[in-house]
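K.L.:
Structure provided below as structure tokens; questions to follow.
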Amino acid sequence: MTKKKDDMPEWAIEEIKNAKFEKPQLLTRTGYILEIYEEDKRIDTQLYEEVEDGRHIVTMELPKNIKPSQCEKGVVYEFTFNLFKAPLSKKVTDFLKKEKEIEMDAIYQFELQKMELLDVASDGDAADESEE
31 MTKKKDDMPE WAIEEIKNAK FEKPQLLTRT GYILEIYEED KRIDTQLYEE
81 VEDGRHIVTM ELPKNIKPSQ CEKGVVYEFT FNLFKAPLSK KVTDFLKKEK
131 EIEMDAIYQF ELQKMELLDV ASDGDAADES EE
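Take my numbering: the last position of the sequence shown gets the number 162, and nothing is skipped along the way.
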């Protein structure tokens, strides 16, 4: 059996699959929903402020008390979520950088705790109405 160029060695796969997450960090960021995955109970979000690894787009798991149907794309929310981080070993980090050209030193997961709709448009609406 020949190895494909895209194959990952078993030791790297095992470490990534069994990564140990540290205690979660509670964060609050503003942004909006890009995509809603009803079956998976997840949302893709575009955040105005970056998270720890520099990303602005993250996929968040929805809690049981928030249904996908309650989410609305394109409106501004304040998201409060847990950031879970699982650091990777130097061996895996070096392998990913050298062999796969991926700069990654940890695995991240994001779990939404709550989201609050922000009324950002109302300021402009009030000014429009007073001009009539």
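Here a beta-carbon is modelled for each residue, glycine too, at the ideal position from N, C-alpha and C.
Does the distance from the C-beta atom of residue 62 to that of residue 75 stay below 8 Å?
P.N.:
yes
K.L.:
Which residues share a DSSP beta bridge with residue 123?
P.N.:
In the DSSP output, where bridge partners are listed per residue, residue 123 has none listed.
K.L.:
Would you call residue 88 buried or exposed, if buried means 16 or more other Cβ atoms sit within 10 Å of its Cβ?
P.N.:
Residue 88 should be labelled buried.
K.L.:
Which residues does DSSP pair with residue 106 in a beta bridge?
P.N.:
62
K.L.:
Taking the continuous alpha helix (DSSP H) assigned at residue 71, which residues delimit it?
P.N.:
No alpha helix (DSSP H) holds residue 71; DSSP gives it neither H nor E.
K.L.:
For the segment 39 to 49 and the segment 92 to 101, state whether three or more C-beta atom pairs, one from each stretch, are separated by less than 8 Å.
P.N.:
no
K.L.:
At the level of alpha carbons, what is the spacing between residue 77 and residue 136?
P.N.:
20 Å
K.L.:
In the DSSP assignment, what are the bridge partners of residue 111?
P.N.:
57 and 142
K.L.:
Just mark residue 122 as buried or exposed, buried being the case when its beta carbon has 16 or more other beta carbons within 10 Å.
P.N.:
Counting the other CB atoms within 10 Å of its CB gives residue 122 a total of 16 or more, which places it among the buried residues.
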